[in-house]
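Enquirer: Input: one structure, supplied below.
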Amino acid sequence: RTEVDALFRAVRKAADLGVGVIFVSHLLDEVLALSDRVTVLRDGAVVLAGGTTKGMAEETLVDHIVGGRVDLGRRPDRQGALGAHRLEVQDLFGITLRGVSFRVRAGEVVGVSGLIGSGRDELAGAIFGATPRFAGKVLVDKNKVFTSPRDGISAGMAYVPAERKTEGLLPRHRVHEHVTLPRLGPLQRKTLLSKNAEINDVGHWASEVDLQPYDLFRRMEKFSGGNQ
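Residues in the sequence shown are numbered consecutively from 372, following this note's numbering.
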């Protein structure tokens, strides 16, 4: 934080001397604190051009970004009662993990927080089998899941790593190859991958998430970070 503050002081000093500064950020509190005017891009188009930030609420800026009214204070209502325990982690040890245990019920969302190096980013990978697990058990519906992504997928788990570029992305692969890579089995015809089945499957998911631009043959490195 102290380094960020030092940078902002330098930016403000340059601006006071008459230097124009363009600041690009996703951190809205910094945008409003540092900028005089703001421009918002959405889906490759300018939706707010040079709006003054003086007196602008963060909610107003969010509305421009997402293209609709957003209530930042609203919490979703819980739908229905929680079900039985689906995931059980017992005395899990990893690179930094030391005897982690917890259970998660059907319909429950669990968040894990901690300082950098505390094991928070390692935990999900260790449960899934993508990072080493030295001791402990992981059970899905009371069935033991061994330490490999193949076993995690077979148990019905999916894993989205925190580090997109190095762990979650094959930048030179095209969209249709990338999306189907974790689940090629249903798209095979005998021993060969059916390209028609693959394109149809990826087309469905691209429509579901409103992929922009809608190009199933585009390399992943050509997309913005959000779409990646």
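Glycine is no exception: its CB is placed at the ideal position from the N, C-alpha and C atoms.
Predicted model, so just to flag it, every value in this text is computed and none were measured.
Quick check: the Cα distance between Y585 and S565, rounded to an integer number of angstroms?
Expert: For the purposes of this step, residue 585 is taken as the residue at position 214 of the sequence shown. For the purposes of this step, residue 565 is taken as the residue at position 194 of the sequence shown. In a straight line, the C-alpha of Y585 is about 21 Å away from that of S565.
Enquirer: Please tell me whether, using a cut-off of 8 Å, the distance from the CB of R469 to the nearest non-hydrogen atom of the ligand MG is below it.
Expert: You won't find the ligand MG in this model; it holds no ligand whatsoever.
Enquirer: Sort out for me which residues DSSP pairs R545 with in a bridge.
Expert: For this step, residue 545 is matched to residue 174 along the sequence shown. Partner(s): R590.
Enquirer: Cutting at 6 Å between CB atoms, please list the residues of its own chain near F594, excluding the five before and the five after it.
Expert: Here residue 594 refers to the residue found at position 223 when the sequence shown is read from its first residue. Cβ neighbours of F594 beyond the five flanking positions: none.
Enquirer: Have a look at S406 and D434 and give me their C-alpha separation to the nearest angstrom.
Expert: Position 35 of the sequence shown, counting from 1, holds the residue named residue 406. Position 63 of the sequence shown, counting from 1, holds the residue named residue 434. C-alpha separation (whole angstroms): 18 Å.
Enquirer: Measuring alpha carbon to alpha carbon, tell me which of V402, G438, T423, D442 ends up nearest E430.
Expert: The count along the sequence shown starts at 1 and reaches residue 430 at position 59. Comparing Cα positions, the closest option is D442.
Enquirer: Using only CA atoms, which one of L419, L494, H575 lies nearest to G465?
Expert: Locating residue 465 in the sequence shown gives position 94, counting from the first residue. Of L419, L494, H575, the residue nearest in Cα terms is L494.
Enquirer: Whole beta strand (DSSP E) runs in the segment 377-411 with 3 or more residues, listed along the chain?
Expert: With a minimum length of 3 residues, no continuous beta strand (DSSP E) run stays inside the segment 377-411.
Enquirer: Count the other C-beta atoms from every protein chain shown that fall within 10 angstroms of the C-beta of H397, then say buried if there are 16 or more, exposed otherwise.
Expert: What you label residue 397 is simply residue 26 of the sequence shown in a count that begins at 1. With fewer than 16 other Cβ atoms within 10 Å, it is exposed.
Enquirer: If you reduce the DSSP assignment to three classes, tell me which class N514 lands in.
Expert: Translated into positions along the sequence shown, residue 514 becomes position 143. In this structure, N514 counts as strand in the three-state DSSP scheme.
Enquirer: Enumerate in chain order the residues of its own chain whose CB-to-CB distance from V402 is below 8 Å, with the five nearest sequence positions on each side excluded.
Expert: Counted from its first residue, the sequence shown places residue 402 at position 31. Result list for V402: F394, S396, V409, T424, L432, in chain order.
Enquirer: Could you please give the first and the last residue of the uninterrupted alpha helix (DSSP H) stretch that includes G496?
Expert: Sequence index remark: in the sequence shown, residue 496 carries index 125 (1-based). First-last of the alpha helix (DSSP H) with G496: 491-499.
Enquirer: Specify, as a first and last residue, the run of the beta strand (DSSP E) that T423 falls within.
Expert: Counted from its first residue, the sequence shown places residue 423 at position 52. Here the beta strand (DSSP E) through T423 covers 416-423.
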